[in-house]
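Student:
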Amino acid sequence: MEKKEYYFHAKGLKVGYKKKPLIENIEIPLKKGEILTLLGPNGAGKTTIIKSIIQQLEPLGGVMYLDGEDMFAMNRKTLAKRMSAVLTNPIDTEFMTVEDVVGTGRYPYTGKFGILEKEDKRVLKESMELVHIVDIAQKQFSEISDGQRQRVLLARALCQEPDLLILDEPTSYLDIRYKMEFLSVLQELSRQKQVTVILSLHELELAARVSDHIICVNQEGVKGFGTPEEIFSEGFISTLYGIKVGNYDEKSGDLELEAKKGKPEIFILAGNGTGSALFRKMQRKRIPFAVGVLWENDLDYPVAKALASEIITVPAFCRISEKKIEQAKQCMKRCGRVVTTLDLSILQDYGSTLRELYDFALQNQLVEEK
Amino acid sequence: MQRKKSRYIVSYSILLILICVFVLLSICIGSVTISWKEILNCVWGIEKERTYADIIFQIRLPRAVAACLLGGALALAGYLLQTFFHNPIAGPFVLGISSGAKLLVALTMVAFLERGVKLGSIGLIVAAFIGSMLCMGFVLLLSKVVTGMSMLIVSGVMISYICSAVTEFVVTFADDSNIVNLHHWSQGSFSGTTWSNVVCIGVVVGITFFYVFTLAKPLGAFQMGEVYAKNAGVNIKRFRVLLVLLSSLLSACVTAFAGPISFVGIAVPHLIKQLFQTAKPIVMIPACFLGGGVFCLFCDLLARTLFAPTELSVSTITAVFGAPIVIIIMIQGRKK
């Protein structure tokens, strides 16, 4: 027995295939009702960790406690009543309806012949309602879409009435709407029913929203464990995934393709989030550009920082200094073309400086229509 | 739900009626045709001619019962192997298990006959079981190395050819007096079944059927794949061992008494699934058993009567009906 500080606790876990350790020293302490996300590049071993937790793979070392009990010493059926999984294995279910598939989750609860009793049917119905698949309950499992399948498999897992839910890349086949719905269901389960959730995800922005904790793994092993705020510190994701082409901004979750850097050919007077679309258009057309003058808290700032060849900024909440104005004017002249995405009529206070810049560009006949 | 249930009831009724019809036909038709009236007379014991009663009770009825029980056993063995390998064309014959049983039975028979000892029913089953298990072990080893459903079948067929070759070899060099009997048996046939055979078959198949039925629940979970089954709490190791033992025992029992019979194990479960529109083991297990009975009764009837008085081997007939079904299954598999 272990002190029940944590509901699920993996200590010094070592996982891998055929006695060859892939990742060592995995520490996962989780309290009841928390959501943990595994992040990391393809082939780093997220699935291996998940397989080891559900005991499909025998761990090569370490221990796992569930509510203070050693998980390996637990009886399979007892374990099945407390832990269930949604996996990526393809399944062939001839003649099984959606309801049949969900019903297989009742296995540890039913009697000798697996007949569903009243209570089983209640849980079955509840699980299907929770993931909104009641209307397809009588359809053949083989005939529904991938997105629906994923929800059916979640319902199956919920049918086991687990306290610990393990999911391997559950959102991979879902479109954006179902991704959000799926994760909302998980969040609801963890908050209302105190289900502890461990899942692996590819979508960084979703991981940042849904997780209480994140564990990061890559080829070198465990690279970090912490809250999303701790994990999404500047530059961490690029290091974790070894991003060499393009840019990921941890604060905004913005993802930019490789910028075309060089001598800027166009100056974009942007701000207030109006410029991002144009910056990306320039990236697609492979035209190097300059941006100014941006406050560092502007919505356009992360995109401009990733894509612009030259950027003139001022600290947040500050007045634009004379020096910066002069710098911007020089840059405009060098570019020879100026475009603005700003609605100049609404600029006032500090913003009126930008109109000054625009007027300067007009006088020098640099302005061009978009 | 209600529609499904009535479908099950109707399908079961069809199978039961077919069994009754074919048993009756098997009794009536033959080198001597016996009319309904004479059968009834025999049953009431008022028939004067003993020969009719003998034909019915000592030859045709035990044969029909054996065909029914062994057919059921084969279909069930096929169903278990298909579930085990997640492969719709797995079966005791295709995987070479029947041939392994055949080889060992032939070896034991020849060895015993040369010493002048006649092998009893139990001895036959034991020999066949050992042969089945040997081949099954081999197939299991191969299944770890080869991937893909067709490769497994190909290796099974190869094993089957090797075993058959050795069997033919043994048969060729056995004493003349034994050859006829052995040769006939090694082609697959229900002829010459006695009541004591039937009792033995009944006991073995009955017990095995009971055990298979108690496995209905884990079988259902296993359809979702091994990983999900394990996650739901199935003791996979124990379950796998049981499946191998039970399916080997079933096919061993068939081979011991009727020789290797082809395609029943594949064709029947497939047809039954289509008829019942379900794959639920609790429905499938009894249905496959009944279906196998019907199929073998029907094929045995044809084998006996088609070119009477010459008797064909049952395997010839089962292959004619079974092989096209296997082809259909493979085409369907391709489409997926």
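Chains as they are written, first to last, in my numbering: chain A, 63 to 432; chain B, 854 to 1189. Ideal placement from N, C-alpha and C gives every residue a C-beta, glycine not left out.
Starting from the beta carbon of B/I1135, find every residue of chain A whose beta carbon is closer than 9 Å, and list them in chain order.
Tutor: F175, G176, I177, listed in chain order.
Student: Can you pull the chain B residues whose beta carbon is under 8 Å from the beta carbon of A/E151, in chain order?
Tutor: Reading off the sequence, residue 151 of chain A comes out as Asn, not Glu. Result: G1078, V1080, Y1081.
Student: Would you report the Cα separation of A/S305 and A/I299, rounded to the nearest angstrom?
Tutor: As written in the sequence, residue 305 of chain A is Ile, which differs from the Ser given in the question. Roughly 8 Å between the two C-alpha positions.
Student: According to DSSP, simplified to helix, strand and coil, what is A/S146?
Tutor: A/S146 falls in the strand class under three-state DSSP.
Student: Shorter than 8 Å from the beta carbon of A/V163 to some beta carbon of chain B?
Tutor: Yes - at least one Cβ of chain B is within 8 Å of the one on A/V163.
Student: Does the distance from the CB of A/G209 to the CB of A/Y171 come in under 8 Å?
Tutor: For A/G209 and A/Y171, no; Cβs fall outside 8 Å.
Student: Should B/S1104 and B/S985 be called a contact, given that it needs their Cβ atoms to be closer than 8 Å?
Tutor: Yes, Cβ-Cβ distance for B/S1104 and B/S985 is below 8 Å.
Student: Identify every residue that forms a DSSP beta bridge with A/D132.
Tutor: Note: A/D132 sits in a beta bridge opposite A/Y127.
Student: Around the C-beta of A/K183, are 16 or more other C-beta atoms found within 10 angstroms, so that it is buried, or is it exposed?
Tutor: When all chains shown are included, A/K183 counts as exposed.
Student: Ignoring anything shorter than 3 residues, give me the beta strand (DSSP E) runs that lie fully in the region 178-241 of chain A, in order along the chain.
Tutor: As far as the region 178-241 of chain A is concerned, its whole beta strand (DSSP E) runs of at least 3 residues are 226-229.
Student: Please name the residue in A/L317, A/Q200, A/K180, A/T233 whose C-alpha comes closest to that of A/R342.
Tutor: Here the closest residue by C-alpha is A/L317.
Student: Which residue marks the beginning of the alpha helix (DSSP H) containing B/P1071, and which one marks its end?
Tutor: Note, B/P1071: alpha helix (DSSP H), 1069-1075.
Student: Going by Cα to Cα distance, which pick from A/R271, A/S204, A/E67 is closest to A/G130?
Tutor: For the residues A/R271, A/S204, A/E67, the minimum Cα distance to A/G130 belongs to A/E67.
Student: Locate the beta strand (DSSP E) running through A/L356, then write down its first and last residues.
Tutor: First-last of the beta strand (DSSP E) with A/L356: 351-357.
Student: For A/P364, I'd like the list of residues in its chain whose CB is within less than 6 Å of its CB, leaving aside the five on either flank, ordered along the chain.
Tutor: If we look at A/P364 and ignore the five residues flanking it on each side, its Cβ neighbours are D311, S314, D316.
Student: Could you check whether A/T403 and A/G337 sit closer than 8 Å to each other, using their CB atoms as the reference points?
Tutor: Yes, the Cβ-Cβ distance between A/G337 and A/T403 is below 8 Å.
Student: Taking DSSP as the reference, what is the three-state secondary structure of B/F1063?
Tutor: In this structure, B/F1063 counts as helix in the three-state DSSP scheme.
Student: State the Cα-Cα distance for the pair A/K385 and A/V376, rounded to the nearest angstrom.
Tutor: In a straight line, the C-alpha of A/K385 is about 11 Å away from that of A/V376.
Student: Does chain A have any CB closer than 8 Å to the CB of B/Q1130?
Tutor: Cβ-Cβ to chain A under 8 Å: yes for B/Q1130.
Student: Would B/T1025 be called buried (16 or more neighbouring beta carbons within 10 Å of its own) or exposed?
Tutor: Exposed, by the Cβ-count rule.
Student: Let me make sure I understand the geometry here. Which of A/Y79, A/Y127, A/I116, A/E96 has the alpha-carbon closest to that of A/G107?
Tutor: Nearest option by C-alpha distance: A/Y79.
Student: Are the CB atoms of A/V353 and A/I382 within a distance shorter than 8 Å?
Tutor: Cβ atoms of A/I382 and A/V353: not closer than 8 Å.
Student: Count the CB pairs spanning the region 1082-1096 of chain B and the region 1140-1157 of chain B that are closer than 8 Å, and state whether there are at least three.
Tutor: With a cut-off of 8 Å, the region 1140-1157 of chain B and the region 1082-1096 of chain B do not count as touching, because too few Cβ pairs lie within range.
Student: Give a yes or no on whether 8 Å exceeds the smallest Cβ distance from B/G1073 to chain A.
Tutor: Closer than 8 Å: yes.
Student: Look at B/G944 and B/G1118 and say whether their C-beta atoms are less than 8 Å apart.
Tutor: For B/G944 and B/G1118, yes; Cβs fall inside 8 Å.
Student: CA-CA distance, A/R211 and A/K201?
Tutor: If you take the alpha carbons of A/R211 and A/K201, they lie about 11 Å apart.
Student: Taking Cβ positions only, does A/T166 come closer than 8 Å to chain B?
Tutor: Interface residue, yes.
Student: List the residues of chain B that A/D434 touches, going by C-beta distances under 7 Å, in chain order.
Tutor: In the structure as shown, chain A begins at 63 and stops at 432. Residue 434 of chain A is therefore absent and cannot be evaluated.
Student: Rounded to whole angstroms, what's the CA-CA distance from B/F1160 to B/K955? Just pull it up for me.
Tutor: Cα to Cα, B/F1160 sits roughly 26 Å from B/K955.
Student: From the DSSP output, in three-state form, read off A/L92 for me.
Tutor: Of the three classes helix, strand and coil, the one that applies to A/L92 here is strand, per DSSP.
Student: In whole angstroms, give me the CA-to-CA distance for A/Q117 and A/L215.
Tutor: The straight-line gap from Cα to Cα measures roughly 19 Å.
Student: Which chain B residues are close to A/S146, counting only those with a beta carbon under 9 Å from its beta carbon?
Tutor: Correct list: N1084, A1085.
Student: Below 8 Å on the Cβ atoms is my contact criterion, and I expect B/A1109 with B/L966 to pass it. Report the Cβ-Cβ distance as a whole number of Å.
Tutor: Contact doesn't hold; Cβ gap of about 15 Å is too wide.
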